[in-house]
Amino acid sequence: MHEIHCPHCGKAFKIDEAGYAAILKQVRDGTFEQELHERLELAAKEKSGELELLRARAAAQLQQAAAAKDAEIQQLRSQLEAGETARKLAVTEAVSTIAQERAELRAALERSELEKQLGEKALRDKYETQLRDRDEAIERLRDMKARLSTKMVGETLEQHCETTFNQLRATAFPRAYFEKDNDARTGSKGDYIFRDSDETGIEVVSIMFEMKNESDVAATKKRNEDFFRELDKDRTEKGCEYAVLVSLLEPDSELYNSGIVDVSHRYPKMYVIRPQFFIPMITLLRNAALGALQYKAELELARAQSVDITSFETNLEAFKVAFGKNYDLASRHFQRAVDEIDKSIDHLQKTREALVGSERQLRLANDKAQDVTIKKLTRGNPTMAAKFKAVERAATASDAWSQPDDLGQL
0 MHEIHCPHCG KAFKIDEAGY AAILKQVRDG TFEQELHERL ELAAKEKSGE LELLRARAAA
60 QLQQAAAAKD AEIQQLRSQL EAGETARKLA VTEAVSTIAQ ERAELRAALE RSELEKQLGE
120 KALRDKYETQ LRDRDEAIER LRDMKARLST KMVGETLEQH CETTFNQLRA TAFPRAYFEK
180 DNDARTGSKG DYIFRDSDET GIEVVSIMFE MKNESDVAAT KKRNEDFFRE LDKDRTEKGC
240 EYAVLVSLLE PDSELYNSGI VDVSHRYPKM YVIRPQFFIP MITLLRNAAL GALQYKAELE
300 LARAQSVDIT SFETNLEAFK VAFGKNYDLA SRHFQRAVDE IDKSIDHLQK TREALVGSER
360 QLRLANDKAQ DVTIKKLTRG NPTMAAKFKA VERAATASDA WSQPDDLGQL
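If you're matching positions, the sequence shown starts at 0 in numbering that gives the first Met the number 0 and goes up one per residue.
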């Protein structure tokens, strides 16, 4: 028998071995239940602490990643803005340079056009003056025709022309050559060849002369055009620039009596004149040739200037093409860099989304942990379920035993 004192009233009572064992079992079961509850609470606290720690670590990592991402995005944006500013500045400078060059080119072209117009006007005025002088000379020669000396009729035409030329050779034609054409190697020859040169020895003008008088031909009347072909052949073979027929044929022809007759429509650079126009014809052709030399020199100068302008325009176009190629290449590199930046931003955005998704999973895990109960833990586990039921029954019995009436009954 065992003696037990009531913890409430201090009354002692005795119980047998079976009752003592039952009471001891109840005490042990109560202790087990208490320990189990304590361990469960401890495990829940530890789990809650670990979850808080994990949550804090995840939040810190997410914050660090977000800060790093924001910094990188800000850096990329700064680089992009700097590149855009540099590109705009380069484009502005290039456009300004091209505009300035175009303005300079336009001004140069305008100056060149003005100089060209002034030169053309000067040349036109000059040759108009020469034409007026020639017309005046023709008029004077027409007047001379009426006063033509009858002495020439008794002289041969060739002698007359040679004598007239030699009278003026020393003063008017100091560097001229005027001799009979004695070279018959080609099968024919003209009457006289005139050649004149400038002070440097360059030939200025050359004329093949043919003289025809009524006394020089047969009784059958000849016309001036009957000698054109042969005269043109002699001019070509002897390398002369002009061909002049000095003729007394067709004395009643108004055409040939009117003055210098240009027959270039039949044969190039060929003229028919009366003897009184012999010296004026030489003078006109020589002066025209001298003017042509000056005109040619001015034309070559103008052509050289035009070539310089064309070369400048070509170089400018080449620069524009090369600049356009470099600009396109730089633009492609710039666009490629922008694409890479966009890819980096997209990658960082995906990383951010992954971190946000991880935080969401942690939150769901925490919600599930908070929802854990003993009933859910022992579901599907009969052993633990039986133990928890036994603990509950023991707890119920312990509550009933702790009541005074029940202890009195015992």
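A virtual CB, placed ideally from N, CA and C, is assigned to each residue, including glycine.
Only a predicted model underlies this, so the values are computations on that prediction, with no experimental measurement involved.
Residue i versus residue j: straight-line alpha-carbon distance, rounded
i	j	result
G200	F172	14 Å
R146	Q275	Since pLDDT at R146 reaches only 47, below the 50 mark, its modelled position is unreliable, and no value is offered.
L61	T91	44 Å
A389	L50	32 Å
E114	N314	23 Å
A85	A291	59 Å
K237	L104	49 Å
S252	E198	41 Å
A57	K342	26 Å
H264	Q129	23 Å
S310	A89	27 Å
E316	E229	55 Å
A393	D366	32 Å
V320	K120	38 Å
D182	P267	22 Å
F193	C239	9 Å
A385	K349	50 Å
A55	E40	22 Å
A364	L328	54 Å
T382	A70	57 Å
T395	E37	18 Å
E138	R184	41 Å
A169	A106	51 Å
Q33	G18	22 Å
G258	R101	56 Å
Contacting residues, own chain, Cβ-Cβ under 7 Å from residue i (five flanking each side not counted)
i	result
I344	I72 and L75
M210	L156, E157, C160, D190 and V245
A301	K115 and G118
A288	V203 and V204
E16	none
F277	C160, T163 and V245
V271	N223, L244, S246, Y255, V260 and V262
E45	none
E339	none
Helix, strand or coil at residue i [DSSP, three-state]
i	result
I281	helix
V262	coil
R194	strand
E240	coil
F172	coil
K68	helix
K211	strand
E178	strand
I272	strand
I201	coil
S246	strand
T149	Residue placement at T149 is flagged as unreliable, the pLDDT there being 38, under the threshold of 50; a coordinate-derived value is accordingly withheld.
Whether residue i touches residue j by CB criterion (8 Å)
i	j	result
N249	N223	Looking at the sequence provided, one finds Glu at residue 249 rather than Asn. It is a contact, given that the beta carbons lie within the stated cut-off.
K232	S187	yes
L108	Y294	no
A336	G82	yes
L347	K68	yes
Whole-number beta carbon distance between residue j and residue i, since they are thought to touch under 8 Å
i	j	result
A65	R351	7 Å
A242	M280	Not really, about 11 Å apart at Cβ, beyond 8 Å.
R133	L298	About 21 Å; that fails the 8 Å criterion.
Q304	S77	In fact, because the Cβ distance is near 53 Å, the residues do not count as touching under 8 Å.
6 Å Cβ shell around residue i - same chain, five flanking residues per side excluded
i	result
A175	D195
R234	M207 and A242
M151	Its pLDDT being 48, under 50, M151 is placed unreliably in this model, and the value from its coordinates should be taken loosely. Closer than 6 Å at Cβ, skipping near neighbours: H159.
A136	P279
K324	none
Other residues of its chain near residue i: CB distance less than 8 Å, five sequence neighbours each side excluded
i	result
E213	L247, L248 and P250
L354	Q60, L61, A64 and A65
D180	K188, G189, D190, Y191, I192, M207, D233 and K237
E178	Y191 and I192
K125	G290
L167	I278
Residue i beta carbon near the ligand MG (any heavy atom closer than 7 Å)
i	result
E209	The ligand MG is absent from the structure shown, which contains no ligand whatsoever.
Cβ of residue i within 8 Å of any chain B Cβ
i	result
E100	Absent here is chain B; the protein component of the structure consists of one chain.
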